[in-house]
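Engineer: Submitted below is the structure of interest, expressed as structure tokens.
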Amino acid sequence: MLRYGVQAAFLLLTVFIGYRFHQFVLHFEVAGHPFVEKPPSVDAFLPIAGFMSFKYFLFTGIIEPMHPAAFVMFAAITGVSFLMKKGFCGWICPIGTVSQYLWMAGERVFGRNFRIEKYTDMALRSAKYMLMALFILLIGFAMAPNMMVLFFLSDYYKAADVKTMKFFTELSSAAMWFLIIAGGLSLIYKNVWCRYLCPYGALLGLLSSASPVKIKRDNGRCRHCSACTANCPGLLDVEKSDVVNSPECFGCLTCVSRCPEPGALAVTVRAGKGRRPFSPFIYPAILIVVFYLVIGAAMLGGKWHSQLPYEEYRRIIPASAELGHP
Ligand code: SF4
Ligand code: SF4
């Protein structure tokens, strides 16, 4: 229940940020519409820009100033995934939350969710890793920092946040059909987008494999009731694992909360050669505190707000339709 509350709060926050950003854009498109400050956190929806900016920072020590929040969000999300498993996906990501609402609705309507056959599921899961590898190849290897500077200075990049918003507010028929099909499949199968298609989730899953935090099962206390396996939204066979190392585990702690045997299943942190359990309530607290510490440090360091001047927005936003699609 705690997780559902946290997820709902972040989803509402995202909707509010989206609304504020829409108002910001309208100021430049509709005569007389009042000015609203741009909420920098919309740049969380520019993960590719964040990745490019991250590489640029590694090579130059400079955080590009057009969408600095994209860099900060990328650093916060990858950092927190490395420290606290893929908890960002399970507790904060609004897309993960919507995916979850869809399969929960499907469960109510059809009485259950369906499962894709094991080997087909494995083959489909490789799609997100291929997408991730493509981005790493294109940005991590093929794109030199001096090429990035040219891209950062382009109108297309400056308006990337506006273009991303318009992708949703002015859906093309192809995008609409994609969302209808993905949404329909998400009613039947759990977490279709996150499990099969999200390259960001693939990256976070790999990072989270190295995380010191893991779910651990105590075989001595386990009564093999299968409640953990039956309720795992990541479709993991928790009952057969001593330590859950899978990149599909997104730290939702459903398995821990559903386990009827005290101490049989716990969230643990590596301690020397063993693992030390800690309260499942501390897990989301650390996750959220670390996430906001990174954002807070960026705000204090003046690396949160875009340096793009008002006049540039006034020039670019009304013409953003001619800049192609994200
Ligand atoms: S193993 Fe536990 S924490 Fe991980 S996804 Fe499954 S239910 Fe959630
Ligand atoms: S829910 Fe707990 S007791 Fe039941 S199989 Fe899983 S770890 Fe064992």
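Take 1 as the starting number for the sequence shown in my numbering and just add one per residue.
From the three backbone atoms N, C-alpha and C, an ideal C-beta is built for every residue, glycine too.
For clarity, every value in this text was computed on a predicted model and none was experimentally measured.
For L12 and F88, which I take to be in contact (beta-carbon distance under 8 Å), what is that distance rounded to the nearest angstrom?
Structural biologist: 17 Å between Cβ atoms; not a contact.
Engineer: Taking just the CA atoms, how far does P68 sit from L46?
Structural biologist: Approximately 11 Å, taken between the alpha carbons.
Engineer: Measure from the alpha carbon of R414 to the alpha carbon of each residue in P65, P247, K166 and M104, then state which is nearest.
Structural biologist: The chain is shown only over 1 to 326; residue 414 falls outside these bounds and no answer can be derived.
Engineer: Pick out the complete beta strand (DSSP E) segments inside the segment 191 to 243, 3 residues or longer, and give them in chain order.
Structural biologist: Runs found: 213 to 217.
Engineer: Nearer than 7 Å: is that true of the beta carbon of C222 relative to any heavy atom of ligand 2?
Structural biologist: At least one heavy atom of ligand 2 is nearer than 7 Å to the Cβ of C222, so yes.
Engineer: Hey, could you find the ends of the beta strand (DSSP E) F278 is sitting in?
Structural biologist: G274 to F278 is the span of the beta strand (DSSP E), which, as asked, contains F278.
Engineer: Whose beta carbon lies closer than 7 Å to any heavy atom of ligand 1, going through the chain in order?
Structural biologist: So the residues near ligand 1 by this Cβ test are G90, I215, C228, N231, C232, P233, G234, L236, V238, V244, E248, C249, F250, G251, C252, L253, T254, C255 and V256.
Engineer: Spatial neighbours of H224 within its chain, please: C-beta separation below 6 Å, excluding the five flanking residues on both sides.
Structural biologist: Contacts found: none.
Engineer: If you follow the beta strand (DSSP E) that R115 is part of, which residue opens it and which one closes it?
Structural biologist: Run containing R115: none; DSSP gives neither H nor E here.
Engineer: Going by DSSP, what residues sit across from Y189 in a beta bridge?
Structural biologist: Its beta-bridge partners are F114.
Engineer: Reducing DSSP to helix, strand and coil, say where V80 ends up.
Structural biologist: Residue state, collapsed to three classes: helix.
Engineer: Where does L26 fall in DSSP's three states?
Structural biologist: Three-state result, L26: helix.
Engineer: Return the bridge partner residues of A264 from the DSSP annotation.
Structural biologist: Bridge partners of A264: none, in fact.
Engineer: Indicate the three-state DSSP secondary structure (helix, strand or coil) for V36 in the structure shown.
Structural biologist: Three-state result, V36: coil.
Engineer: Can you give the Cα-Cα distance for P326 and R217, rounded to whole angstroms?
Structural biologist: Model confidence at P326 stands at a pLDDT of 48, short of 50, so the residue's coordinates are unreliable and nothing is read from them.
Engineer: What's the C-alpha gap between S209 and G251?
Structural biologist: Rounded to the nearest angstrom, the two C-alpha atoms are 12 Å apart.
Engineer: Please tell me whether, using a cut-off of 7 Å, the distance from the CB of P277 to the nearest non-hydrogen atom of ligand 2 is below it.
Structural biologist: Flag unset: Cβ of P277 not near ligand 2.
Engineer: Per DSSP, R20 forms a beta bridge with which residues?
Structural biologist: Partner(s): none; R20 has no beta bridge.
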